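Take a look at the structure set out below.
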Amino acid sequence: MRAVILAIVLAFGVSAANAHEMTPTYPTLVPSHVDGLLKATMQMFNRRADVEYYEVGVFDENFEPVPFVTAYNIFKLDYQSHTSFDIYIRASDRDRAAYICSRSKIRKGSEIRTAVSSKICSKIKK
Numbered sequence: 003m004r005a006v007i008l009a010i011v012l013a014f015g016v017s018a019a020n021a022h023e024m025t026p027t028y029p030t031l032v033p034s035h036v037d038g039l040l041k042a043t044m045q046m047f048n049r050r051a052d053v054e055y056y057e058v059g060v061f062d063e064n065f066e067p068v069p070f071v072t073a074y075n076i077f078k079l080d081y082q083s084h085t086s087f088d089i090y091i092r093a094s095d096r097d098r099a100a101y102i103c104s105r106s107k108i109r110k111g112s113e114i115r116t117a118v119s120s121k122i123c124s125k126i127k128k
């Protein structure tokens, strides 16, 4: 009986461990080409075959949204692909911004339905 349970846990545990990656883990905000804006450059890699869209956001210590600008808040990232993107926040929000996060977006019309949406956050260096 234990062997059957162990086999089931290993079979489902390995397949459920896939997620996307976002680096750097501790991004630094640097001055941008526009006065009053700070920039962080992030890279993302998609390890999930069942997800192709991701949403990015900037949050404070309590995970309340902080205003930011990027080329696309939701973007397509194919399986086994990577991309770089810039996040811009106001210099006045520097002390408030604590995390840059990305969340996988599950498509409603997809034939492959998963109940798990992955969220990855990088803590901004102060």
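Be aware that the sequence shown starts at 3, since it is given in this note's numbering, and climbs by one per residue.
A virtual CB, placed ideally from N, CA and C, is assigned to each residue, including glycine.
Quick caveat: nothing in here was measured; it's all calculated off a predicted structure.
Just the Cα atoms here: how many angstroms apart are residue 37 and residue 90?
-> Position 35 of the sequence shown, counted from the start, is the residue given in the question as residue 37. Position 88 of the sequence shown, counted from the start, is the residue given in the question as residue 90. Cα to Cα, residue 37 sits roughly 11 Å from residue 90.
Exposure label - residue 76; buried when at least 16 CB within 10 Å | The residue you call residue 76 lines up with position 74 of the sequence shown. When all chains shown are included, residue 76 counts as exposed.
Under a Cβ-count criterion, where at least 16 other Cβ atoms within 10 Å of its own Cβ denotes burial, should residue 22 be classed as buried or exposed?
-> On the sequence shown, residue 22 is found 20 positions in, with the first residue counted as 1. Residue 22 should be labelled buried.
Per-residue DSSP class, three states only, for residue 52 | Translated into the one-based positions of the sequence shown, residue 52 becomes position 50. In the three-state scheme derived from DSSP, where H, G and I count as helix and E and B as strand, residue 52 is classed as coil.
Smallest Cα separation from residue 103: which of 55, 65, 42, 122?
-> Taking the first residue of the sequence shown as position 1, residue 103 is located at position 101. With distances taken between Cα atoms, residue 103 lies closest to 122.
Can you list, in chain order, the residues of its chain whose CB lies under 7 Å from that of residue 33, leaving out five sequence neighbours each side?
-> Indexing the sequence shown from 1 puts residue 33 at position 31. Closer than 7 Å at the Cβ level, and outside the excluded window around residue 33, lie 40.
So, residue 96 versus residue 55, is the Cβ gap smaller than 8 Å?
-> For this step, residue 96 is matched to residue 94 along the sequence shown. For this step, residue 55 is matched to residue 53 along the sequence shown. Contact flag unset, no.
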